[in-house]
Amino acid sequence: MRLAAQKADQIVDSYGLRPLLEGQPVTLYHGTTRQFAKFDLSKSREDLVKNYYGAGIFLTPSKRVAWKYADANRNIGFDPEIITEMKRINRNVGTFLEWLYKYGYERGWEILIEKLRKKVPEDQPITEEMDKFFGGIDHNAMNDIAPYIIGSKFKVNRGGDDFINIFDTRTGLPDYVYDDLDKVGLNSKKYRPKVYTVTAKAQKVLVTKSKAKAKTARQKGYDAVIFYGSDLVDNVPEVAIFDPKNVRITKVQVSS
């Protein structure tokens, strides 16, 4: 028990986390692809957190590690709100993106062709109507973007392996997807990997290497966890803050 306590103290001190235990603010980092002005627990990805602490704000004392989280395959994915953004730019194209998202590649294209065919005699091509529909925007960009929207029915095969999954060791979206965002008028900076520098504080902090204890920390009255157990990136401890009011964003750095 004494050795465990000494190990915990060593971890806390070596990563500059002692002030957090004393109710003082500390500077930490959060890596993600999402853009926001403040943290919102309702936006937590359920598929990523349900087996850990549940909804929380996950931070690291290492900016280098935060960048790894930001570019990790588990963080791949655009919020479905990107469809609404696309509709603001071009309603037709945004609607087509929505079809691909909801119904997948084949059915999405079938719906479009059925819609255009109604405007053109059967013995004539729909090329001209399709050009009008897309209004100069490359429809191939929608094929590139749709698979990466969270919950999309449009699946993409990455290099002959299984479809995208959060346990894939490869990192980041293909660069051409970000290029497509800019080409169609969606500012890619909003969706690129980014690191938030934050000031965090807490009143009751659990320091543990036990996943089981970390998972029950909130219900036992803790408002933060410093976890130094297994499955950490580069063995750097992770900090979970359960109350968004205790985390303040001070800086955002976006990858180019």
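Under the working numbering, residues -2 to 253 are what the sequence shown spells out, in order.
Ideal Cβ placement from N, Cα and C applies to all residues, glycine included.
Practice prompt. Would you kindly report the start and end of the unbroken beta strand (DSSP E) that includes Glu235?
Written response: Glu235 to Ile238
Item to complete: Return the CA-CA distance between Lys191 and Lys217, expressed in angstroms with no decimal places.
Response: 33 Å
Worksheet item: Got a sec? Which residues, its chain only, sit under 7 Å from Ala63 by beta carbon, not counting five neighbours each side?
Response: Tyr26, His27, Gly28, Thr57 and Val192
Worksheet item: Hey, Ile223 and Val9: beta-carbon distance below 8 Å or not?
Response: yes
Worksheet entry | Sequence-distant residues of its chain with Cβ nearer than 7 Å to Phe239 (five each side left out) | Gly53, Arg215, Asp220 and Ala221
Item to complete: Would you identify the three-state DSSP class for Phe131, choosing helix, strand or coil?
Response: helix
Worksheet item: What residue range is occupied by the uninterrupted beta strand (DSSP E) comprising Thr29?
Response: Val23 to Thr29
Worksheet entry | One or two residues paired with Lys221 in a DSSP bridge | Note that residue 221 corresponds to Ala in the displayed sequence, not to Lys. Ala221 is bridged to Val202 and Ile238.
Worksheet entry | Straight-line gap, Ser149 to Glu107 (C-alpha atoms, nearest Å) | 17 Å
Worksheet item: If you count every other CB in all the chains shown that lies within 10 Å of the CB of Lys198, and 16 or more means buried, which is it?
Response: buried
Discussion item. Quick check on the DSSP output: what are the complete alpha helix (DSSP H) runs of length 4 or more inside the region 27 to 98, in order along the chain?
Written reply: 43 to 46, 60 to 67 and 78 to 86
Discussion item. Assuming the contact rule is C-beta atoms closer than 8 Å, Asn89 and Phe131 should be a hit. Round their C-beta distance to whole Å, please.
Written reply: 7 Å
Item to complete: Could you tell me whether the Cβ atoms of Asp177 and Asp141 are closer together than 8 Å?
Response: yes
Discussion item. I believe Arg189 touches Thr30 by the beta-carbon criterion, under 8 Å. Please report the beta-carbon distance rounded to the nearest angstrom.
Written reply: 7 Å
Practice prompt. Kindly indicate which residue of Val249, Phe93, Thr124 and Ser59 has the alpha-carbon position closest to the one of Lys187.
Written response: Val249
Worksheet item: Do you know offhand how far Val117's Cα is from Ile134's?
Response: 21 Å
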